[in-house]
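Residue numbers for the sequence shown, in my numbering: 2 to 98.
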Amino acid sequence: MPRLNEQIEIVGRGPNAVAVCRCGYEIGPAADNYKLHLLMREGPVQNAGPWVDPNGIGGERFVCREFFCPGCVTLLDVEIAQSHEPILWDVRLAVPE
């Protein structure tokens with residue numbers, strides 16, 4: 002099976018392909034932005050780590066978004082974005098035909 006990362010694999014082919022977490026939870030259609038089907042926690046940009054200085058980058062404009070599997074609550078992705086931006090679609094999965 003093709004994998005997005007160590008936690009998410011693609012099951013099926015064509016329009017029926019779905020992204021599945023290692024726990025077995027079916028995240029959603031593989032052609033979608035998988036992050037839209039996950040639990041999300043949004044917080045201040047300094048949640049990204051101890052070396053992030055929000056004052057040096059205009060931190061009030063940015064947020065740290067953490068995405069979790071709804072089935073097992075494993076952290077699957079993290080993104081830093083401007084607070085007004087929609088969820089980023091930074092990975093498009095290649096769906097097997």
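Beta carbons: idealized from backbone N, C-alpha and C, even for Gly. Just so you know, these numbers come straight off a predicted model, no measurement behind them.
Check: G15 - DSSP class collapsed to helix/strand/coil; Outcome: helix
Check: For E27 and V96, the rounded distance between their alpha carbons; Outcome: 15 Å
Check: For M41: DSSP bridge partner residues; Outcome: F68
Check: Under 8 Å between C-beta atoms of D54 and F68; Outcome: no
Check: Reference G44; option with closest CA among M2, N6, R62 and V21; Outcome: R62
Check: Top-ranked residue by Cα proximity to Q8, from L89, E86 and G72; Outcome: G72
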